[in-house]
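**Student:** Everything in the sequence shown is counted per UniProt numbering, starting at 1 for the first residue and increasing by one.
Following this message is one structure expressed as structure tokens.
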Amino acid sequence: MAGFCPEPSDDVVQVRDWVHAFARDVIRPAGAEWDEREETPWPVIQEAAKIGLYSLDFFATQWFEESGLALPVAFEEIFWGDAGIGLSITGTGLAAAALSANGTPEQMGEWLPQMFGTENDVKLGAFCASEPDAGSDVGAIRTRAVPDGDDWVLNGVKTWATNGGIANVHVVVASVDPSLGTRGQASFVIPPGTPGLSMGQKFRKHGIRASHTAEVVLEDVRVPGSCLLGGKEKLEARLARVRQGGRAGEQAAMRTFETTRPSVAAMAVGIARAAFEYARDYAREREQFGRRIGENQAIAFLLAEMATRVDVARLLTWRAAWMARNGRQFEQAEGSMSKLVAGETAVWVSEQAIQILGGAGYTREHPVERFHRDAKIYTIFEGTSEIQRLIIGRAVTGLPVR
Ligand SMILES: Cc1cc2nc3c(=O)[nH]c(=O)nc-3n(C[C@H](O)[C@H](O)[C@H](O)COP(=O)(O)OP(=O)(O)OC[C@H]3O[C@@H](n4cnc5c(N)ncnc54)[C@H](O)[C@@H]3O)c2cc1C
């Protein structure tokens, strides 16, 4: 197994340049409009589908690329274009990762293509874990899945689901044995058009406003046994091990979750880089006191710090992605490190970008205020910064930090 090399292969660079061109020519010019509209940018997703960027094939190829760098490199470019549209294009990928982490090969073969649809009939996927009383505390999930003959019946309310209620395929985490907390949970596919699944409130947000976020209501949602991800035998064996005091399941699930964090970190790196570049270009042009503002050390040093932090975030992201792809254990919670640093970097860098643009940066005439609004979600979703610190703190101390 080759060691970590922070230099993408020629193939990855080729894909990066192709994705960058789409982000520059299609995504970025549409960013402001869809942010204002606060609607899913279907025409942009469709254009991405037409060139093969929004497709199962693209996501699978990048996911399985041997260095692990392909997906973060591509995500950075997409989110450099625009984060709201970016999440509309990649949100299905996160649902697909959740399905792939728990599903059998047959389940993947059946449901993954239906999450993406075709270039002429684009579809979305949604991953629904969070609930009004179960955000960071996923053990508090109340949605119940109860067996009924060969079927399962689900009831509950999910919230803050990206693509929730507008997706073709929903992956829902539910409790099958509430007494076991996270270890008594299982994931289910809810097929397209299943009666009882509906969209609740659609949220109006601070940032990533082109990405749809909504409640998903499950009322007597009946699905066949084949929709239980991983199958009944595996679930029963796991529950039996847990009831006997074993550690079954939870650790593996946490590890899987860790592996998707570098992809989320890469999104934040894309926003941070976009904000840095915009502020740098502005500082080269804008003149005050008879010189360009970038000629003041105060501004140049700030840009130096911004550029450095973007590179730090990217290197941590690539290292974690490489480790995940090459079967290395995250002994120090390196996946969480990448998400923590990249999320906080995106918030900090985009705030400094506003400062460098001054009054112009505070207006919607320039994209940096949007970059800043978009960046903030990266210290909140897919595990808040506090939860990432908790995970890293436990890993580095070996103590049950609370
Ligand atoms: C735009 C958006 C999209 C989302 N997309 C999805 C999605 O597709 N699917 C999905 O399932 N969920 C999604 N979420 C939910 C997201 O993952 C949760 O918001 C996140 O996990 C935090 O949960 P919470 O909002 O309930 O905050 P809480 O858990 O209530 O936390 C509130 C605050 O308390 C802190 N806190 C909580 N516990 C501790 C602790 N033990 N120690 C220290 N601090 C603590 C948190 O860090 C945070 O600062 C999305 C959320 C948003 C806003």
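Just so you know, even glycine gets a beta-carbon here, dropped at the ideal spot from N, CA and C.
Model, not experiment: these values are computed from the prediction.
DSSP state of Asn296, grouped into three classes?
**Tutor:** Three-state result, Asn296: coil.
**Student:** Could you tell me which whole beta strand (DSSP E) segments of length 3 or greater appear in the region 90 to 156?
**Tutor:** Taking only runs of at least 3 residues, the beta strand (DSSP E) segments lying wholly in the region 90 to 156 are 125 to 128, 144 to 148.
**Student:** For Lys205, is the beta carbon positioned less than 7 Å from some heavy atom of ligand 1?
**Tutor:** Yes, the Cβ of Lys205 comes within 7 Å of a heavy atom of ligand 1.
**Student:** Answer yes if the region 163 to 173 comes into contact with the region 186 to 198, meaning at least three C-beta pairs across the two stretches below 8 Å, and no otherwise.
**Tutor:** Flag = yes, the region 186 to 198 and the region 163 to 173 touch.
**Student:** In angstroms with no decimal places, state the Cα-to-Cα distance between Arg24 and Trp18.
**Tutor:** About 10 Å.
**Student:** Which runs of the alpha helix (DSSP H) fall wholly inside the region 255 to 330 and span at least 4 residues, in chain order?
**Tutor:** Complete alpha helix (DSSP H) runs here, min 4: 297 to 325.
**Student:** Please determine, among Gly231, Asn163, Asp220, Glu219, the residue with the shortest C-alpha to C-alpha distance to Ile208.
**Tutor:** The shortest Cα separation from Ile208 among Gly231, Asn163, Asp220, Glu219 belongs to Asn163.
**Student:** So the candidates are Ala161, Glu106, Arg402; which of them puts its Cα closest to the Cα of Ala129?
**Tutor:** Among Ala161, Glu106, Arg402, the Cα nearest to that of Ala129 belongs to Ala161.
**Student:** Can we say the region 344 to 362 touches the region 290 to 303, given the rule of at least three CB pairs closer than 8 Å?
**Tutor:** Touching, per the Cβ criterion.
**Student:** In three-state terms, what does DSSP make of Pro224?
**Tutor:** Correct three-state label for Pro224: strand.
**Student:** At which residues does the beta strand (DSSP E) containing residue 404 begin and terminate?
**Tutor:** Absent from the model: residue 404. The displayed extent of the chain is 1 to 402, so no value can be given.
**Student:** If you count every other CB in all the chains shown that lies within 10 Å of the CB of Asp35, and 16 or more means buried, which is it?
**Tutor:** Asp35 is buried by the Cβ-count criterion.
**Student:** In angstroms, rounded to a whole number, what distance separates the CA positions of Asp11 and Thr118?
**Tutor:** Cα to Cα, Asp11 sits roughly 25 Å from Thr118.
**Student:** Quick check: the Cα distance between Val153 and Gln352, rounded to an integer number of angstroms?
**Tutor:** Each residue's Cα considered, the two are about 50 Å apart.
**Student:** Strictly under 8 Å for the Cβ-Cβ distance: is Val349 near chain C by that measure?
**Tutor:** Among the protein chains of the structure shown there is no chain C, as only one such chain exists.
**Student:** Where does Glu369 fall in DSSP's three states?
**Tutor:** Helix at Glu369.
**Student:** In the DSSP assignment, find the unbroken alpha helix (DSSP H) run with Leu56 in it and report its ends.
**Tutor:** Residues 56 to 64.
**Student:** Mapping DSSP to helix, strand and coil, what is Glu382?
**Tutor:** In this structure, Glu382 counts as coil in the three-state DSSP scheme.
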